[in-house]
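In full-length UniProt numbering, the protein residues as written are 1 to 254. Single-structure report; data block below.
Now the structure itself:
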């Protein structure tokens, strides 16, 4: 038996296919693709507007004008509300605000990894910061500013009526996992300090440790990191960064 792959069998050409207008077929094929769904929807909106105006007014000109205006309106609306970046790859507003602050630490020798996954889980560290004062896991949270933030006995964090214990436990677990992975790769113990940077509601304290997680207003993230004693050299920072980059995969790889 021959190892060569069999050639596809040819079939007689369909007369209708042979003489079909190539331009029309290509255009229909393009419009049927999922990524052009918005164009199909825009055409339906324009056609509907044209019929709603043109038929009652007995004027095809007015109908055409209404269709054009509807298409323009849909184009403008989508441009203002729809991002070209898929939602699963867009950072939240809170993450972007924290990232902007952390970028200013680069001149002081800090390195940051954003949106890093914990292997074999759905968890994510929003920002892993490595610098002269240590290693930090920062999770950025945007909460409803209408609900107050309060603490009970330094062990319970509430946002309005909602107990945030699961969120604190998650942040602590993420940091502990990162610490274990970096420690294994480096060969010596590295502690990753967990935190929640909250945006939205007023936080009635500067920095408070709740269930072993530092909680603070998001605007304080740089002070929280830099107001500590230096404990890492430049070489150690580079080594930890390289190991963390491999051990904690990017959530949205390029």
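Quick reminder that beta carbons are idealized off the backbone N, C-alpha and C, glycines included. Keep in mind that this is a model prediction, so the values were computed, not measured.
In the three-state reduction of the DSSP assignment, residue 239 falls in the helix class.
Cα atoms of residue 231 and residue 134: separation of roughly 6 Å, rounded to the nearest angstrom.
Ranked by Cα distance from residue 190, the first of 137, 141, 153, 124 is 137. Using a 10 angstroms sphere on the CB of residue 155, the tally of other CB atoms stays under 16, which defines it as exposed. The three-state secondary structure of residue 112, taken from DSSP, is strand. Here residue 166 carries a helix assignment [DSSP, helix/strand/coil].
Inter-segment contact for the segment 141-148 and the segment 159-174 is present: three or more beta-carbon pairs are separated by less than 8 Å. Contact between the segment 115-125 and the segment 228-248 is present, with at least three C-beta pairs closer than 8 Å.
When secondary structure is reduced to three states using DSSP, residue 122 falls in the coil class, being assigned neither helix nor strand.
Taking 9 Å as the cut-off, the beta carbon of residue 48 is found no closer than this to the beta carbon of residue 55.
Distances from the alpha-carbon of residue 242 to those of 121, 153, 129, 61 put 129 closest. With 16 or more other CB atoms across the displayed protein chains lying within 10 angstroms of its CB, residue 112 is buried. Distance from residue 213 to residue 197 at the Cβ level is roughly 11 Å; contact not present, criterion being Cβ atoms closer than 8 Å.
Restricting attention to beta strand (DSSP E) runs no shorter than 3 residues, the segment 189-219 encloses them at 192-199, 207-210, 213-217, ordered along the chain.
The alpha carbon of residue 149 has as its nearest neighbour, out of 43, 72, 177, 216, the alpha carbon of 216. Taking 8 Å as the upper bound for CB-CB distance, residue 147 and residue 159 are in contact here, some 5 Å apart. In this structure, DSSP gives residue 134 an extended state, which the three-state scheme calls strand. Looking at the DSSP output, residue 157 sits in a beta bridge with 151. Taking each of 185, 66, 186, 225 in turn and checking the Cα distance to residue 194, the smallest one comes out for 225. The criterion of a C-beta distance shorter than 9 Å is not satisfied by residue 178 and residue 237. In its chain, beyond the 5 residues on either side, 221, 222 have a beta carbon closer than 7 Å to the beta carbon of residue 101. Annotation for residue 66: 49, 50, 53 place their beta carbon closer than 6 Å to its own, counting only its chain and skipping 5 residues before and after. Residue 122 is classed as exposed because its beta carbon has fewer than 16 other beta carbons within 10 Å across all chains shown. At the C-beta level, residue 244 and residue 203 stay beyond 9 Å of one another.
The criterion of a C-beta distance shorter than 9 Å is satisfied by residue 97 and residue 199.
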